[in-house]
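Note sheet for the following structure.
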Amino acid sequence: MSRRGALPGAPAPDRRPRRRAVLGGVAGALVIGAGVVVALTGFGRGSDPAPAAAGPTETATMTRQTLVQRTTVKGTLGYGEAVTRGVQGAGGAEGGGGTVTWLPGVGDVVDRGGALLKVDEHPTVLLLGTLPVYRELGIGTEGDDVRQLEENLAALGYTGFTVDTRFTGSTAQAVKTWQKDRGLERTGTVAPADVVVAPGPVRVDALKVRVGDPAAAEILTTTGVDRAISVDLDLADRDRAVEGGTVTVELPGGATAEAVITAVGNPEVVEDESGMPGASDQTVVPVTVALPDGTDADAGSVKVTFVAAERPDVLTVPVAALLALAEGGYGVEVVTGATTRVVAVETGMFADGSVEVTGDVTEGDVVGMPS
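Residue 1 is where the sequence shown starts when you use the UniProt record's numbering, and the numbers rise one by one after that.
The following block contains the structure:
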């Protein structure tokens, strides 16, 4: 018995299911997303069988490699945060009175024992340390600020005292010798206006007053002497910045250099200054990056790339080789000679146009690519 509507002698329509369409121009294949191909069920309508599928016109080879996900943010190459310096009275009172009679030049470097400024021809000398001199130091005073003073005197070559937390007569004698060498009155005491403390040598960044102006708590600003890159990293990316870790820096002019993270600060809120409607303040993590010695680069904007994640020695294919299977999940079209087959795979990390895959595939397999 013939089927209703069929011509006598005509072949019966092909009822076998078509599970997918493959790359290379086969009807029913659609490209979506980042080059992923959807394999659809069925090749078309009509009673005639679908034409034989052609092989892919382009292919790629499965390879093993290390995939790395990266985050790139803008940074500023300079000398680090600027710190305001000036003259203090005893107890930390702002301003010490008098007139500014000498200032260094912008860009000058001042090291331990050097004068940072002069008021009434009295120099304020740089000492190295972390504890500000907040009181007058003399015979009988004790504390870590005394130890810091004695450490500096010893580093400058003065002797005859014990480096400890006690200011003794021997300490006073060393201070008098130091004052004599500086052309100062030999008091044997050290007042807050006599010294300024910094962790290391400083570079004069800017002058806030001129010679002849009244002395104040804000006379000049200093930075460190080593060039550094300052980055405000988004709070969500804070785990990517580890002190001692490495980053890649693209310098002004396009050259790149490997650099080291030297400091990761605490989260802080940065006010939005764009003026854009709906803009809001942002919480960031300040990160400091040090360039290798001898790196030739001018101050300015740079790009800093942090490693977000890494997968070593994984099997990969180009992302564009993935097929989104009609039954769900992903596959690749493995090409063997003149034949092809779609193999389901599990995907892992995506990075730089490649994707990690696992399944019934191996290194060296040839896979189809969209034309």
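Cβ atoms here follow ideal geometry from the backbone N, Cα and C, with glycine treated the same way.
Counting every other CB atom within 10 Å of its CB across the protein chains shown gives Thr288 a total of 16 or more, marking it as buried. The alpha-carbon of Met369 is positioned some 18 Å away from that of Glu346. Going by C-alpha positions, Gly97 is about 33 Å away from Thr159. The beta carbon of Val264 sits closer than 6 Å to those of Ala241, Glu243, Val287, all from its chain and outside the five residues before and after it, given in chain order. Restricting attention to Ile219, Thr295, Leu235, Val270, the CA atom closest to the CA of Ala82 is found in Ile219. Taking Val204 as reference, the option from Ser354, Ala338, Gly80, Val342 with the minimal CA-CA separation is Gly80.
Boundaries of the alpha helix (DSSP H) harbouring Lys180: 169-181, taken from the DSSP string. Secondary structure in the region 62-104: the beta strand (DSSP E) runs of 3 residues or longer, each lying completely within the stretch, are 63-78, 83-85, 100-102 in chain order.
In this structure, Val100 sits away from Val196, with a CB-CB distance that is not shorter than 8 Å. In this chain, the beta strand (DSSP E) harbouring Ala309 covers 300-318. Secondary structure at Pro370: coil, using DSSP grouped into helix, strand and coil. In terms of Cα proximity to Glu271, the closest of Ala299, Asp232, Phe161, Ala255 is Asp232.
Counting only residues of its own chain and dropping the five nearest sequence neighbours on each side, Gln179 has a CB closer than 6 Å to the CB of Arg186.
The shortest C-alpha to C-alpha distance from Ser230 to any of Gly75, Gln65, Ala60, Thr59 is the one to Gly75.
When secondary structure is reduced to three states using DSSP, Leu251 falls in the coil class, being assigned neither helix nor strand.
Considering only Asp111, Gln65, Gly114, Arg227, the residue with the shortest C-alpha distance to Val314 is Gln65. Of the other Cβ atoms in all chains shown, fewer than 16 fall within 10 Å of the Cβ of Ala255; this residue is therefore exposed. When the Cα atoms are used, Asp237 and Asp352 turn out to be separated by approximately 19 Å. Collapsing the DSSP output to three states places Ala290 in a strand. Fewer than three beta-carbon pairs drawn from the region 166-173 and the region 117-130 are found closer than 8 Å, and the two stretches are therefore not classed as touching.
The alpha-carbon of Thr221 is positioned some 18 Å away from that of Ala299.
With a 10 Å radius around the Cβ and a threshold of 16 neighbouring Cβ atoms, Leu235 comes out exposed. Judged by DSSP secondary structure, Leu128 falls within the beta strand (DSSP E) whose first and last residues are 122-128. Cβ neighbours of Thr223 within its own chain (closer than 8 Å, five residues either side excluded): Gly78, Tyr79, Gly80, Glu81, Ala82, Val83, Val202, Arg203, Asp205.
Annotation for Phe161: Glu150, Thr168, Ser170, Thr171, Ala174 place their beta carbon closer than 7 Å to its own, counting only its chain and skipping 5 residues before and after.
Fully enclosed alpha helix (DSSP H) runs of no fewer than 4 residues occupy 144-155 of the region 108-164, in order along the chain.
The secondary-structure analysis by DSSP pairs Ser230 across a beta bridge with Thr76, Thr288. Closest by C-alpha distance to Gly200, out of Thr262, Ser280, Val109, is Val109. Of Arg85, Asp120, Thr358, Ser301, the smallest CA-CA separation from Gly212 is found for Asp120. When DSSP reads this structure, Gly265 sits in no beta bridge, so it has no partner.
In the DSSP annotation of this structure, Gly224 is not part of any beta strand (DSSP E), being labelled neither H nor E. Lys176 is the residue among Ile261, Lys176, Gly86 whose C-alpha sits nearest the C-alpha of Leu137. For the pair Met62 and Gly364, the CB atoms are nearer than the 8 Å cut-off. The criterion of a C-beta distance shorter than 8 Å is satisfied by Ala228 and Ala290. About 6 Å separates the beta carbons of Val247 and Ile261, which is inside the 8 Å limit, making them a contact pair. In the three-state DSSP reduction, Asp205 falls in the strand class (E or B).
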